[in-house]
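Right, one structure below, let's go through it.
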Amino acid sequence: MNFQEPGISLLETEYYFAQSVQNQELAWDGWVSLSGNTYGPTRDNNKISGYAWGDDVVGWIAFDNNLDQVTIEEATAQCGPV
């Protein structure tokens, strides 16, 4: 997933949008909105919660996960122009 400015880390900085690999079958450009007036993922004690919006093809993406199957570790991402 490619992240658009501003920011370096979803866990430390606010992002406006992210773009996944384009899916021609869904006719979707891959953009996901990570912040809006009433939504956006947040981090608390290495857990991400909240929602993102993937347009009418994907809809709402929930970051709330009570399955305890994912561990979030600190990492540095290398991002460049899309």
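Residue numbers for the sequence shown follow the numbering used here, so the first one is 389 and each next one is one higher.
We put the beta carbon where it would ideally sit given N, CA and C, even for glycine.
Note that the coordinates shown come from a computational prediction; the quantities given were computed from them, not determined experimentally.
Contact defined as beta carbons within less than 8 angstroms: I believe residue i pairs with residue j. What is the distance between those atoms, to the nearest angstrom?
i      : j      : result
Ser421 : Pro429 : Their Cβ separation, rounded to whole angstroms, is 11 angstroms, which puts Ser421 and Pro429 out of contact at 8 angstroms.
Does DSSP put residue i in a helix, a strand or coil?
i      : result
Asp452 : coil
CA-CA distance, residue i and residue j?
i      : j      : result
Tyr439 : Gly424 : 10 angstroms
Val446 : Asp452 : 17 angstroms
Tyr427 : Trp448 : 10 angstroms
Gly442 : Asn433 : 26 angstroms
In chain order, what residues of the same chain lie with their CB nearer than 6 angstroms to the CB of residue i, ignoring the 5 residues before and after it?
i      : result
Asp444 : none
Counting only the same chain and skipping the five closest in sequence on each side, list residues whose C-beta sits under 7 angstroms from that of residue i.
i      : result
Ala450 : Tyr439
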